[in-house]
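In the order they appear, the protein sequences are chains A, B and C. Using our numbering, the first residue of the first sequence is number 1, and each one after it goes up by one. Using our numbering, the first residue of the second sequence is number 264, and each one after it goes up by one. Using our numbering, the first residue of the third sequence is number 358, and each one after it goes up by one. Quick reminder that beta carbons are idealized off the backbone N, C-alpha and C, glycines included.
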Amino acid sequence: MTGTSTAAARRLRATKVPVLTKTRNLDQWICWWSIPIFYSVFGLVFVYLTRLMPPPSPGHTTEQIISFIQLNATHLQIGIVVLSLSLGLASLSSGIIVVQMRRMQGVSPALAYAYLAALAVAALPGCLFCGFMFALAAFRPDRDPRLIVLLYDMGLLSFVGSLGCFVVQYMVFAIAIFLDEREIFPKWLGYMSIWGVVTELLAIPIWIFRSGPYAWNGLISFYLGTIIFVVWEFCLVVCLYKAIKAQPIDESLQGDDSLAIAR
Amino acid sequence: MVLYFRSTLTYVWLLLSALTIFIWWLGTRSGTGSREINASGAVVVVFFFACVKARLVIQKFMEVSRAPTWLRVTCDSWLALTFGMIVSFYFLGR
Amino acid sequence: MHASFPVEERDILIPGRERETNQQIPGDPSIWVFVIGEMVAFSCYFAAYMWDRGQHHGLFLQAQRDLSQNVAALNTLVLLASSLFIALSVHATRAGDFAIASRFLTLGGTCGAAFVVSKAFEWSSKLAQGLTLGSNAFFMHYYMLTGVHLFHVLLGLVFLGILWRELNKGSPPRARLMEVGATYWHMVDFLWIIIFPLLYLMR
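Below is the structure:
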C-alpha cells in the first residue's frame with residue numbers, strides 16, 4: 001500500500017510541477033537576475049540619463065530649476081519611458097525574496113507578505129513618481145514657472161522622503177532574519193537592514209531644510225543614505241545567490257499544498 | 264547578587280562615573296568669558312577623557328581587550344580618528 | 358557557582374593570561390558588523406555637526422546655552438549604570454545564576470527606560486520653548502543626533518526584552534545571545550559618551 005501511494009505521489013508530482021523549472025530552480029534564477037538588471041537600468045536612468053541622482057539642490061532659484069528641466073528635457077522623457085517599462089522587474093525581486101522568506105523556519109508567512117506589500121507601496125513614491133513629475137515638467141516648456149517648481153519639489157521630496165514603506169520593508173526583513181532558525185540569510189544582513197531603517201530616519205529633515213547635510217541632496221540624508229542602500233542591496237544580491245544555490249531542488253514551501261495532496 | 268559587584272567591572276564603572284563628573288565640571292565651567300576656564304583647552308581635555316571613557320566601555324564592558332587584534336585595532340583607530348576629527352574641526356572652525 | 362549548564366570554553370579565564378586564552382570575538386561577528394558600521398555612521402553625523410559648527414560658530418554657541426548640561430550629565434551616569442548592570446548580567450549568565458542575571462537585566466533595562474523618559478522631558482521642554490528641528494542649524498543637529506541615538510536606545514530596550522525572555526523561559530539561555538544583546542547595549546552607551554560633550558559641553 002505504501003508502495004502504490006509513493007508511485008502515485010511521484011506521478012502526481014510529475015504532472016503538477018513543470019520539470020524544466022524545478023530541476024534547476026530556474027524560476028528563482030530568472031528572478032535573481034532581474035535584480036542586477038533592474039538596478040543597472042535604475043542607475044542608468046537616474047544617474048546618467050536624467051541626472052536626478054545626486055539630486056539638484058532644493059535651494060535652487062526658480063530660474064535654475066527651469067533651466068535644469070529645459071536642458072534635460074529629452075533625457076527626462078526618455079528616462080520616464082524606460083523607467084515605466086522596467087519597473088515591473090522590481091516586482092520579480094520582491095517575489096524571489098518572498099519565496100526565500102517563506103522558506104524560513106519559525107517565521108510567520110505574514111512577514112513575507114508584509115515585505116511584498118511594503119515594496120509594492122514603495123515603488124510609486126520611491127521610484128516612479130519622481131520620473132513622472134520631471135517628465136511632466138518637461139512636457140510643456142511654456143508651463144507656469146511656479147508649477148514647474150511645484151513639480152520639482154513633488155518629485156524630489158517624494159523620492160528621498162518616502163520613508164515609511166521602506167522602514168516597514170527593512171524592519172520585517174530584519175525580524176524575519178533574526179527569527180529564522182534555518183539561517184537562510186546570515187544574521188549580519190539583518191543588522192544591515194536596521195541601518196536601512198536608520199537611513200529613513202535620517203531623511204526626516206528633508207521636509208524642512210533646503211540646504212545643509214539634512215536636505216534632500218545633503219551629505220547625510222542623501223549621500224550616506226544612498227551609500228548604505230547600495231551596500232545593502234549588493235549584500236542582499238550575494239546572500240540571495242547563496243540561498244538559492246543552497247536550496248534543495250524539490251523543497252516545498254511552508255503552506256504549499258501541492259505536494260501534500262500526493263502524500 | 265551583591266557578590267557580583269566585587270568585580271573589575273564595578274571599579275571600571277566607578278572610574279567612568281568619576282570621569283563623567285570631571286568632564287561635566289570642566290565643561291560647565293569653560294567658556295570664553297574672563298572668569299571661565301579656557302574653552303579650547305577644555306575641549307581638548309574633555310574629549311580626550313570622553314574617548315578614554317568610550318575606550319573603557321569598549322575594552323572592559325564589551326570585552327574587546329580579550330578580542331582578536333584586528334578588532335582592538337579597529338576600535339582604537341575609530342576612537343583616535345573621532346577624537347582627531349572633533350578637535351581639528353573645532354580649531355579649524357574658530 | 359552552578360555548573361548545571363555547559364560553560365563555553367571562552368568563558369574560562371585564567372587570571373593573568375586572558376589575552377592568550379580568549380582571542381574570541383565577544384558575542385558574534387554579525388553584531389560587530391553592525392557596531393562598526395554604526396561607529397562609522399555616527400562619525401559622519403559628528404563630522405557634519407562639527408563642520409556646521411565651524412560655519413556658524415556664534416549661532417551654535419548661543420543655541421547650546423539653551424541645553425541643560427546637568428540633566429545630560431545625569432543621563433550619562435544613568436546609561437553608564439545600565440551598562441554595568443548588563444555586563445554583570447552576562448557574568449551571572451556565564452556562572453549559571455539565571456535568576457540573578459535576570460535581575461541585573463531588569464535593573465539595566467530600567468536605567469535605559471529612565472534615559473528615554475528623561476530624553477522625552479528634555480525634548481518636550483525644548484519644544485515648549487519653540488525650539489524645533491527647523492529652528493536653526495544647531496537644533497537640526499541636536500534633534501537628529503539625539504533622535505537617532507534615541508532610536509537605538511529604544512531598539513536596545515526591545516533587545517533587552519528579548520534577553521529577559523531568554524533568561525526566564527525555563528531552559529538554559531544561550532550565553533552567546535546574551536553577549537550579542539549586551540554588545541549592542543554597550544554600543545548605545547559609548548555613543549552617548551561622545552554625544553554628551555559634543556552637544557552639551559563644547560564651548
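- Task: Please name the residue, chosen from C:480, C:380, C:393, that lies closest to residue 341 (chain B) on a Cα-to-Cα basis.
- Result: Taking the first residue of the second sequence as position 1, residue 341 (chain B) is located at position 78. Here the closest residue by C-alpha is C:393.
- Short CB-CB distance (under 8 Å) between residue 387 (chain C) and chain A: Here residue 387 (chain C) is taken as the residue at index 30 of the third sequence, counted from 1. Yes, because at least one Cβ of chain A sits closer than 8 Å to the Cβ of residue 387 (chain C).
- Query: Shorter than 8 Å from the beta carbon of residue 433 (chain C) to some beta carbon of chain B?
  - Reply: Your numbering for residue 433 (chain C) matches position 76 in the third sequence. Output row for residue 433 (chain C): interface = yes.
- Query: With residue 445 (chain C) and residue 272 (chain B) assumed to form a contact (beta carbons below 8 Å), what rounded beta-carbon distance in angstroms separates them?
  - Reply: Looking up residue 445 (chain C) in the third sequence gives position 88. Looking up residue 272 (chain B) in the second sequence gives position 9. Contact holds; Cβ gap of about 6 Å.
- Message: Among the candidates A:85, A:154, A:146, whose CA atom is the shortest distance from the CA of residue 125 (chain A)?
- Response: For this step, residue 125 (chain A) is matched to residue 125 along the first sequence. Minimum Cα distance to residue 125 (chain A) is reached at A:154.
- Under 7 Å by beta carbon: chain C residues contacting residue 220 (chain A): In the first sequence, counting from the first residue as 1, residue 220 (chain A) sits at position 220. 401, 402, 405, listed in chain order.
- Message: Can you tell me which residues form a DSSP beta bridge with residue 294 (chain B)?
- Response: Translated into the one-based positions of the second sequence, residue 294 (chain B) becomes position 31. Paired residue(s): B:301.
- Task: Please compile the residues from chain C whose C-beta is within a distance smaller than 9 Å of the C-beta of residue 170 (chain A).
- Result: Mapped onto the first sequence, residue 170 (chain A) falls at position 170. Near residue 170 (chain A) there are no residues of chain C at all, since even the closest Cβ is about 12 Å away, more than 9 Å.
- Task: Pull up the distance between the alpha-carbon of residue 98 (chain A) and that of residue 170 (chain A), whole angstroms please.
- Result: Taking the first residue of the first sequence as 1, we reach residue 98 (chain A) at position 98. Taking the first residue of the first sequence as 1, we reach residue 170 (chain A) at position 170. About 13 Å.
- Message: Under 8 Å, Cβ to Cβ, is there at least one residue of chain E near residue 202 (chain A)?
- Response: Looking for chain E here will not work: the only protein chains present are A, B and C.
- Is any beta-carbon of chain A found at less than 8 Å from that of residue 544 (chain C)? Residue numbering aside, residue 544 (chain C) sits at position 187 when the third sequence is read from its first letter. So, not an interface residue.
- Between residue 335 (chain C) and residue 521 (chain C), which are expected to be in contact by the criterion C-beta below 8 Å, what is the C-beta distance as a whole number of angstroms? Outside the displayed span of chain C (358 to 560) sits residue 335 (chain C), for which this structure offers no information.
- Message: Are the CB atoms of residue 496 (chain C) and residue 489 (chain C) within a distance shorter than 8 Å?
- Response: On the third sequence, residue 489 (chain C) is found 132 positions in, with the first residue counted as 1. On the third sequence, residue 496 (chain C) is found 139 positions in, with the first residue counted as 1. In contact: residue 489 (chain C) and residue 496 (chain C) (Cβ atoms closer than 8 Å).
- Query: At what residue ranges does the stretch 373-455 of chain C contain a whole run of the beta strand (DSSP E), taking only runs of 3 or more?
  - Reply: none
- Interfacial residues, the stretch 268-284 of chain B to chain C, with Cβ spacing under 9 Å: 268, 270, 272, 273, 275, 276, 279, 280, 283, 284
- Message: Quick check: is the beta carbon of residue 111 (chain A) nearer than 8 Å to any beta carbon in chain C?
- Response: Along the first sequence, one-based indexing puts residue 111 (chain A) at 111. At a cut-off of 8 Å between beta carbons, residue 111 (chain A) makes no contact with chain C.
- Touching by the beta-carbon criterion (3+ pairs, under 8 Å), the stretch 171-181 of chain A and the stretch 101-113 of chain A: yes
- Name the chain C residues whose beta carbon is nearer than 9 Å to that of residue 336 (chain B)? The sequence position of residue 336 (chain B) within the second sequence is 73, counting from 1. Here the premise fails: no neighbours, minimum Cβ distance about 12 Å.
- Message: When you compare the CB of residue 547 (chain C) with every CB in chain B, is at least one pair closer than 8 Å?
- Response: In the third sequence, the residue the question calls residue 547 (chain C) occupies position 190. For residue 547 (chain C), the answer is yes, since a Cβ of chain B falls inside 8 Å of its Cβ.
- CA-to-CA distance, residue 75 (chain A) to residue 552 (chain C), given in whole angstroms: Locating residue 552 (chain C) in the third sequence gives position 195, counting from the first residue. Locating residue 75 (chain A) in the first sequence gives position 75, counting from the first residue. Answer to the nearest angstrom: the Cα atoms are 45 Å apart.
- Query: Going along chain A, which residues have a C-beta under 7 Å from residue 473 (chain C)?
  - Reply: Along the third sequence, read from residue 1 onward, the residue named residue 473 (chain C) stands at position 116. By Cβ distance, chain A contributes nothing, its closest Cβ being about 16 Å from residue 473 (chain C), past 7 Å.
- Query: Along chain C, in chain order, which residues have C-beta atoms closer than 8 Å to that of residue 290 (chain B)?
  - Reply: If you number the second sequence from 1, residue 290 (chain B) lands on position 27. The answer, in chain order, is 426, 554, 557, 558, 559, 560.
- Coil, strand or helix - residue 25 (chain A) by DSSP: On the first sequence, residue 25 (chain A) is found 25 positions in, with the first residue counted as 1. Three-state result, residue 25 (chain A): coil.
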